[in-house]
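Remarks on the structure that follows.
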Amino acid sequence: TGMLTNRDVYTEAPVVILADPLGAIVGRDPEIHVKRMADSSVGYFTVMKEGEHRNELAAMPENWAQYAADEALYKNAEAAWLDYVAATRAMNILVVSTYREGDRVKGWETFYGYLSGMEKIAVTKDAVPQKRALLKLTRKQWTKETDGMKVRAQKAGEESYHVASVTSLVKAPGIFTDGLGEGMAWGSLVHRALEACGKGRSQQLDGLVKNWLRDENMSMGLAEPLIRLADGMLKSPLWQRMQQAEEKYFELPFSTKQEDTVITGVMDLIFKEPDGWVIVDYKTDDFEKDPVRKAAYTKQLEVYADFWKKMTGERVKEMLLEYVS
21 TGMLTNRDVY TEAPVVILAD PLGAIVGRDP EIHVKRMADS SVGYFTVMKE
71 GEHRNELAAM PENWAQYAAD EALYKNAEAA WLDYVAATRA MNILVVSTYR
121 EGDRVKGWET FYGYLSGMEK IAVTKDAVPQ KRALLKLTRK QWTKETDGMK
171 VRAQKAGEES YHVASVTSLV KAPGIFTDGL GEGMAWGSLV HRALEACGKG
221 RSQQLDGLVK NWLRDENMSM GLAEPLIRLA DGMLKSPLWQ RMQQAEEKYF
271 ELPFSTKQED TVITGVMDLI FKEPDGWVIV DYKTDDFEKD PVRKAAYTKQ
321 LEVYADFWKK MTGERVKEML LEYVS
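Using my numbering, read the sequence shown as starting at 21 and increasing by one per residue.
As C-alpha coordinates, then:
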(Lines of atoms letter the chains of each structure in order from A and count residues from 1; the text may use other names and numbers.)
(Lines give C-alpha, C1' and ligand atoms only; values in the text may rest on other atoms or scores of the structure.)
Protein backbone atom coordinates (compact mmCIF):
# COMPACT_ATOMS: atom_id res chain seq x y z
CA THR A 1 0.00 0.00 0.00
CA GLY A 2 1.10 3.62 -0.37
CA MET A 3 0.96 6.66 -2.62
CA LEU A 4 1.44 6.07 -6.33
CA THR A 5 4.26 8.18 -7.78
CA ASN A 6 6.22 8.33 -11.02
CA ARG A 7 8.91 6.15 -9.46
CA ASP A 8 6.41 3.27 -9.15
CA VAL A 9 6.14 2.86 -12.94
CA TYR A 10 8.09 -0.40 -12.99
CA THR A 11 6.61 -1.84 -9.77
CA GLU A 12 4.32 -4.83 -10.25
CA ALA A 13 2.43 -7.17 -7.93
CA PRO A 14 0.28 -10.30 -8.37
CA VAL A 15 -2.72 -8.49 -6.85
CA VAL A 16 -3.32 -4.73 -6.99
CA ILE A 17 -6.18 -3.07 -5.10
CA LEU A 18 -7.10 0.48 -6.12
CA ALA A 19 -8.78 2.12 -3.14
CA ASP A 20 -9.39 5.83 -2.68
CA PRO A 21 -11.34 6.30 0.56
CA LEU A 22 -10.93 10.08 0.63
CA GLY A 23 -11.88 10.70 -2.99
CA ALA A 24 -10.22 13.04 -5.43
CA ILE A 25 -10.12 16.76 -4.67
CA VAL A 26 -12.43 18.40 -7.18
CA GLY A 27 -13.33 21.96 -7.99
CA ARG A 28 -9.99 23.49 -6.92
CA ASP A 29 -8.71 26.05 -9.40
CA PRO A 30 -5.00 26.01 -10.30
CA GLU A 31 -2.86 28.50 -8.39
CA ILE A 32 0.33 27.98 -10.41
CA HIS A 33 1.18 27.13 -14.01
CA VAL A 34 4.44 25.89 -15.47
CA LYS A 35 5.05 25.98 -19.21
CA ARG A 36 6.87 22.68 -19.73
CA MET A 37 9.20 23.11 -22.68
CA ALA A 38 12.10 21.05 -24.03
CA ASP A 39 15.01 23.30 -23.07
CA SER A 40 13.59 25.33 -20.18
CA SER A 41 10.44 26.01 -18.18
CA VAL A 42 8.62 29.21 -17.27
CA GLY A 43 6.38 29.49 -14.23
CA TYR A 44 3.41 31.73 -13.37
CA PHE A 45 1.66 31.95 -10.01
CA THR A 46 -1.20 33.72 -8.32
CA VAL A 47 -1.07 35.62 -5.04
CA MET A 48 -3.67 34.60 -2.48
CA LYS A 49 -4.86 36.42 0.62
CA GLU A 50 -6.61 35.02 3.65
CA GLY A 51 -10.36 35.55 3.45
CA GLU A 52 -13.11 35.14 6.00
CA HIS A 53 -13.89 31.55 5.04
CA ARG A 54 -11.20 30.61 2.51
CA ASN A 55 -8.18 32.04 0.69
CA GLU A 56 -9.08 34.63 -1.94
CA LEU A 57 -7.30 35.64 -5.14
CA ALA A 58 -5.39 38.89 -4.65
CA ALA A 59 -3.29 39.14 -7.83
CA MET A 60 -2.65 37.16 -10.98
CA PRO A 61 -0.44 37.28 -14.08
CA GLU A 62 -1.77 38.71 -17.32
CA ASN A 63 -3.68 36.09 -19.37
CA TRP A 64 -4.10 33.98 -16.24
CA ALA A 65 -7.41 32.46 -17.45
CA GLN A 66 -5.57 30.80 -20.36
CA TYR A 67 -2.68 29.69 -18.13
CA ALA A 68 -5.13 28.17 -15.62
CA ALA A 69 -6.92 26.29 -18.41
CA ASP A 70 -3.58 24.96 -19.71
CA GLU A 71 -2.59 23.83 -16.22
CA ALA A 72 -5.92 22.06 -15.75
CA LEU A 73 -5.36 20.16 -19.01
CA TYR A 74 -1.91 19.11 -17.84
CA LYS A 75 -3.19 17.99 -14.43
CA ASN A 76 -6.00 15.99 -16.01
CA ALA A 77 -3.57 14.33 -18.42
CA GLU A 78 -1.20 13.52 -15.57
CA ALA A 79 -4.07 12.03 -13.53
CA ALA A 80 -5.09 9.87 -16.49
CA TRP A 81 -1.50 8.71 -16.91
CA LEU A 82 -1.27 7.76 -13.23
CA ASP A 83 -4.56 5.83 -13.57
CA TYR A 84 -3.05 3.93 -16.49
CA VAL A 85 0.08 3.15 -14.48
CA ALA A 86 -1.99 1.98 -11.52
CA ALA A 87 -4.15 -0.34 -13.63
CA THR A 88 -1.22 -1.92 -15.47
CA ARG A 89 0.75 -2.84 -12.34
CA ALA A 90 -1.41 -5.92 -11.66
CA MET A 91 0.02 -9.21 -12.94
CA ASN A 92 -2.96 -11.45 -12.02
CA ILE A 93 -5.83 -9.61 -10.33
CA LEU A 94 -6.91 -5.96 -10.35
CA VAL A 95 -9.50 -4.82 -7.79
CA VAL A 96 -11.12 -1.40 -8.34
CA SER A 97 -13.21 0.30 -5.67
CA THR A 98 -16.52 1.85 -6.85
CA TYR A 99 -18.58 3.88 -4.43
CA ARG A 100 -20.28 7.23 -4.00
CA GLU A 101 -20.93 9.78 -1.31
CA GLY A 102 -24.24 11.35 -2.19
CA ASP A 103 -23.91 12.61 -5.78
CA ARG A 104 -20.13 12.69 -5.57
CA VAL A 105 -18.22 9.84 -7.16
CA LYS A 106 -15.37 8.66 -4.97
CA GLY A 107 -12.66 6.33 -6.11
CA TRP A 108 -11.33 5.50 -9.56
CA GLU A 109 -14.01 7.06 -11.75
CA THR A 110 -11.83 6.66 -14.86
CA PHE A 111 -12.43 2.91 -14.86
CA TYR A 112 -16.16 2.85 -14.11
CA GLY A 113 -17.19 2.57 -17.78
CA TYR A 114 -15.08 -0.58 -18.21
CA LEU A 115 -16.34 -2.49 -15.18
CA SER A 116 -19.80 -3.60 -16.33
CA GLY A 117 -19.97 -7.38 -16.33
CA MET A 118 -16.91 -7.70 -14.13
CA GLU A 119 -17.09 -9.88 -11.06
CA LYS A 120 -18.04 -8.02 -7.90
CA ILE A 121 -16.47 -8.77 -4.56
CA ALA A 122 -19.09 -9.32 -1.89
CA VAL A 123 -18.90 -7.00 1.12
CA THR A 124 -18.94 -9.03 4.32
CA LYS A 125 -20.58 -7.88 7.52
CA ASP A 126 -17.21 -7.28 9.11
CA ALA A 127 -16.23 -4.96 6.24
CA VAL A 128 -19.16 -2.54 6.71
CA PRO A 129 -17.67 0.84 7.68
CA GLN A 130 -18.54 2.07 11.12
CA LYS A 131 -19.68 5.59 11.84
CA ARG A 132 -17.06 7.84 13.31
CA ALA A 133 -17.59 8.94 16.87
CA LEU A 134 -17.75 12.70 17.22
CA LEU A 135 -15.01 14.28 19.28
CA LYS A 136 -16.15 17.12 21.49
CA LEU A 137 -13.67 19.57 22.95
CA THR A 138 -14.06 22.67 25.04
CA ARG A 139 -12.17 25.78 23.99
CA LYS A 140 -9.84 25.26 26.94
CA GLN A 141 -9.08 21.70 25.82
CA TRP A 142 -8.58 22.86 22.23
CA THR A 143 -6.12 25.56 23.32
CA LYS A 144 -4.22 23.10 25.49
CA GLU A 145 -3.92 20.57 22.65
CA THR A 146 -2.85 23.13 20.02
CA ASP A 147 -0.27 24.64 22.40
CA GLY A 148 1.05 21.14 23.06
CA MET A 149 1.31 20.48 19.32
CA LYS A 150 3.37 23.63 18.88
CA VAL A 151 5.75 22.58 21.65
CA ARG A 152 6.13 19.06 20.22
CA ALA A 153 6.70 20.43 16.71
CA GLN A 154 9.39 22.78 18.03
CA LYS A 155 11.14 19.94 19.87
CA ALA A 156 10.95 17.74 16.77
CA GLY A 157 12.77 20.44 14.81
CA GLU A 158 15.67 20.68 17.25
CA GLU A 159 18.92 18.95 16.33
CA SER A 160 19.51 15.67 18.13
CA TYR A 161 23.03 15.52 16.71
CA HIS A 162 25.39 17.67 14.65
CA VAL A 163 27.35 16.90 11.49
CA ALA A 164 30.86 18.22 10.90
CA SER A 165 33.61 17.52 8.39
CA VAL A 166 37.24 16.85 9.19
CA THR A 167 38.23 20.07 7.41
CA SER A 168 35.95 22.06 9.72
CA LEU A 169 37.68 20.53 12.75
CA VAL A 170 41.02 21.77 11.43
CA LYS A 171 39.57 25.30 11.80
CA ALA A 172 41.17 26.57 8.59
CA PRO A 173 38.27 26.45 6.09
CA GLY A 174 39.83 28.93 3.67
CA ILE A 175 42.79 26.64 3.22
CA PHE A 176 40.54 23.93 1.79
CA THR A 177 38.18 26.07 -0.30
CA ASP A 178 40.16 28.86 -1.95
CA GLY A 179 41.11 26.74 -4.98
CA LEU A 180 44.82 27.51 -5.13
CA GLY A 181 47.12 25.66 -7.55
CA GLU A 182 45.19 24.40 -10.59
CA GLY A 183 41.90 24.96 -8.81
CA MET A 184 39.44 22.76 -7.00
CA ALA A 185 38.02 21.22 -10.20
CA TRP A 186 41.50 20.18 -11.30
CA GLY A 187 42.23 18.73 -7.87
CA SER A 188 39.03 16.69 -8.05
CA LEU A 189 40.04 15.31 -11.46
CA VAL A 190 43.47 14.35 -10.14
CA HIS A 191 41.89 12.41 -7.29
CA ARG A 192 39.50 10.63 -9.67
CA ALA A 193 42.34 9.68 -11.98
CA LEU A 194 44.45 8.25 -9.15
CA GLU A 195 41.44 6.37 -7.78
CA ALA A 196 40.78 4.84 -11.22
CA CYS A 197 44.41 3.75 -11.52
CA GLY A 198 44.34 2.28 -8.02
CA LYS A 199 41.30 0.20 -8.95
CA GLY A 200 43.02 -1.25 -12.03
CA ARG A 201 41.52 1.02 -14.68
CA SER A 202 44.69 2.72 -15.88
CA GLN A 203 44.23 1.26 -19.37
CA GLN A 204 40.85 3.02 -19.61
CA LEU A 205 42.14 6.33 -18.30
CA ASP A 206 42.19 8.13 -21.66
CA GLY A 207 38.45 7.63 -22.22
CA LEU A 208 37.60 8.29 -18.56
CA VAL A 209 39.51 11.57 -18.49
CA LYS A 210 37.80 12.86 -21.63
CA ASN A 211 34.39 12.02 -20.19
CA TRP A 212 35.21 13.79 -16.92
CA LEU A 213 36.42 16.91 -18.73
CA ARG A 214 33.29 16.93 -20.86
CA ASP A 215 31.06 16.59 -17.78
CA GLU A 216 32.86 19.46 -16.04
CA ASN A 217 32.87 21.67 -19.17
CA MET A 218 36.68 21.85 -18.95
CA SER A 219 39.17 22.09 -21.80
CA MET A 220 40.12 18.85 -23.54
CA GLY A 221 43.64 20.23 -23.54
CA LEU A 222 43.86 19.15 -19.88
CA ALA A 223 43.55 15.47 -20.81
CA GLU A 224 47.21 15.02 -21.74
CA PRO A 225 48.72 16.63 -18.59
CA LEU A 226 46.27 14.73 -16.37
CA ILE A 227 47.18 11.38 -17.94
CA ARG A 228 50.88 12.29 -17.78
CA LEU A 229 50.49 13.11 -14.08
CA ALA A 230 48.78 9.77 -13.41
CA ASP A 231 51.50 7.91 -15.32
CA GLY A 232 54.13 9.60 -13.17
CA MET A 233 52.36 8.50 -9.98
CA LEU A 234 52.14 4.91 -11.24
CA LYS A 235 55.95 4.87 -11.53
CA SER A 236 56.59 6.51 -8.15
CA PRO A 237 58.16 4.59 -5.20
CA LEU A 238 55.08 5.32 -3.08
CA TRP A 239 52.76 3.73 -5.64
CA GLN A 240 54.98 0.64 -5.93
CA ARG A 241 54.98 0.37 -2.15
CA MET A 242 51.20 0.68 -2.03
CA GLN A 243 50.80 -2.07 -4.64
CA GLN A 244 52.51 -4.52 -2.28
CA ALA A 245 50.18 -3.73 0.62
CA GLU A 246 47.82 -6.42 1.93
CA GLU A 247 44.93 -3.93 2.13
CA LYS A 248 44.47 -0.64 0.28
CA TYR A 249 41.57 1.79 -0.15
CA PHE A 250 41.16 4.80 -2.43
CA GLU A 251 38.93 7.83 -1.76
CA LEU A 252 37.63 6.10 1.35
CA PRO A 253 34.65 7.89 2.94
CA PHE A 254 34.11 7.46 6.66
CA SER A 255 31.99 8.76 9.48
CA THR A 256 32.34 8.40 13.22
CA LYS A 257 30.46 9.74 16.23
CA GLN A 258 32.14 11.97 18.78
CA GLU A 259 29.79 12.87 21.63
CA ASP A 260 26.78 14.50 19.90
CA THR A 261 28.55 15.12 16.58
CA VAL A 262 28.94 12.87 13.52
CA ILE A 263 32.32 13.54 11.88
CA THR A 264 32.67 12.79 8.16
CA GLY A 265 35.64 12.78 5.84
CA VAL A 266 37.29 11.14 2.83
CA MET A 267 40.81 9.73 2.89
CA ASP A 268 42.59 9.86 -0.47
CA LEU A 269 44.61 6.69 0.05
CA ILE A 270 45.17 4.35 2.96
CA PHE A 271 47.05 1.06 2.86
CA LYS A 272 48.18 -1.51 5.39
CA GLU A 273 51.69 -2.86 5.82
CA PRO A 274 52.71 -5.56 8.31
CA ASP A 275 53.54 -3.04 11.04
CA GLY A 276 50.66 -0.60 10.56
CA TRP A 277 48.58 1.65 8.32
CA VAL A 278 49.86 4.42 6.04
CA ILE A 279 47.58 7.36 5.28
CA VAL A 280 48.30 9.45 2.16
CA ASP A 281 46.75 12.80 1.29
CA TYR A 282 47.28 14.11 -2.26
CA LYS A 283 47.54 17.86 -2.81
CA THR A 284 47.76 19.71 -6.12
CA ASP A 285 49.22 22.90 -4.63
CA ASP A 286 52.82 23.26 -3.48
CA PHE A 287 52.22 23.43 0.27
CA GLU A 288 55.97 23.50 0.98
CA LYS A 289 55.95 27.18 -0.07
CA ASP A 290 53.21 28.02 2.45
CA PRO A 291 53.90 27.00 6.11
CA VAL A 292 50.37 27.89 7.22
CA ARG A 293 48.86 25.74 4.50
CA LYS A 294 51.21 22.83 5.26
CA ALA A 295 50.34 23.04 8.96
CA ALA A 296 46.61 22.82 8.15
CA TYR A 297 47.14 19.86 5.84
CA THR A 298 49.26 18.11 8.48
CA LYS A 299 46.57 18.69 11.10
CA GLN A 300 44.01 17.19 8.70
CA LEU A 301 46.16 14.05 8.39
CA GLU A 302 46.51 13.83 12.17
CA VAL A 303 42.72 13.95 12.57
CA TYR A 304 42.35 11.20 9.96
CA ALA A 305 44.92 9.07 11.79
CA ASP A 306 43.25 9.62 15.16
CA PHE A 307 39.84 8.60 13.87
CA TRP A 308 41.22 5.61 11.99
CA LYS A 309 42.93 4.31 15.14
CA LYS A 310 39.70 4.69 17.11
CA MET A 311 37.57 3.03 14.42
CA THR A 312 39.88 0.06 13.72
CA GLY A 313 41.85 -0.26 16.95
CA GLU A 314 44.98 -0.61 14.82
CA ARG A 315 48.19 1.36 14.53
CA VAL A 316 48.74 4.18 12.05
CA LYS A 317 52.47 4.18 11.54
CA GLU A 318 52.87 6.89 8.89
CA MET A 319 51.13 9.94 7.45
CA LEU A 320 52.23 11.33 4.07
CA LEU A 321 51.44 14.57 2.26
CA GLU A 322 52.05 14.06 -1.46
CA TYR A 323 52.37 17.03 -3.82
CA VAL A 324 51.01 15.90 -7.20
CA SER A 325 52.02 18.15 -10.09
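For every residue, glycine included, the Cβ atom is placed at its ideal position computed from N, Cα and C.
Going by the DSSP bridge assignment, what does residue i pair with across the sheet?
i	result
Glu267	Lys292
Ala285	The residue you asked about is not Ala; residue 285 is Gly in the sequence shown. In the DSSP output, where bridge partners are listed per residue, Gly285 has Phe274.
His182	Thr281
Ala79	Val67
Trp297	Lys292, Val336
His53	Tyr64
Val37	According to the sequence displayed, residue 37 carries Ile and not Val. For Ile37, which the question treats as bridged, DSSP gives the partners Val115.
Ala110	Ala33
Glu342	Tyr302
For my contact list, residue i and residue j are in at a C-beta cut-off of 8 angstroms; report their separation, rounded to the angstrom.
i	j	result
Ala110	Ala33	7 angstroms
Val282	Leu340	Between Leu340 and Val282 the Cβ distance is about 27 angstroms, and since that is not below 8 angstroms, they are no contact.
Ala173	Thr130	At roughly 38 angstroms, the Cβ-Cβ gap does not stay under 8 angstroms, so Ala173 and Thr130 are not in contact.
Name the residue from the options whose alpha carbon lies nearest to the alpha carbon of residue i.
i	options	result
His182	Asp305, Thr276, Ala205	Thr276
Gly296	Thr332, Met169, Tyr302	Thr332
Asp49	Trp84, Phe131, Asp146	Trp84
Glu308	Glu334, Val344, Thr284	Val344
Glu51	Glu215, Met57, Thr318, Val67	Val67
Gly220	Met138, Gln263, Val36	Gln263
Tyr87	Arg56, Thr187, Leu340	Arg56
Ile113	Asp40, Lys140, Glu129	Lys140
His211	Thr118, Leu321, Ala153, Val300	Val300
Lys319	Asp306, Ser188, Gly241	Ser188
Phe274	Met238, Arg234, Arg261, Val323	Val323
Arg261	Arg152, Ala325, Arg234, Glu338	Glu338
Asp326	Tyr134, Val186, Gly241	Val186
Trp259	Ile290, Ser239, Leu102, Gly241	Ile290
Trp128	Ala107, Lys156, Gly218	Ala107
Asp306	Glu91, Glu342, Leu321, Gly133	Glu342
Leu102	Thr158, Gly218, Thr31	Thr31
Leu158	Lys151, Tyr134, Thr166	Inspection of the sequence shows that residue 158 is occupied by Thr rather than by Leu. Per the Cα distances, Thr166.
Tyr134	Tyr104, Leu155, Lys156, Arg152	Tyr104
Does the distance from the CB of residue i to the CB of residue j come in under 7 angstroms?
i	j	result
Val190	Ala316	yes
Ala265	Lys292	yes
Tyr302	Asp288	yes
Leu209	Leu246	yes
Pro81	Tyr64	yes
Glu236	Ala205	yes
Glu271	Val286	yes
Lys230	Ala243	yes
Ala39	Ser117	yes
Lys329	Val336	yes
Thr284	Gly207	no
Ile37	Val143	no
Val54	Ser60	no
Tell me whether residue i counts as near the ligand NAP, meaning its Cβ is closer than 6 angstroms to at least one heavy atom of that ligand.
i	result
Ala79	The ligand NAP is not part of this structure, which contains no ligands at all.
Are the stretch 154 to 172 and the stretch 60 to 73 touching by the rule of at least three beta carbon pairs closer than 8 angstroms? no
Assess contact between the stretch 302 to 312 and the stretch 277 to 286, defined as three or more Cβ pairs (one per stretch) separated by less than 8 angstroms. Is contact present? Taking 8 angstroms as the limit for Cβ pairs, the verdict is that the stretch 277 to 286 does not touch the stretch 302 to 312.
Are the stretch 242 to 258 and the stretch 223 to 234 in contact at 8 angstroms, needing three or more beta carbon pairs? yes
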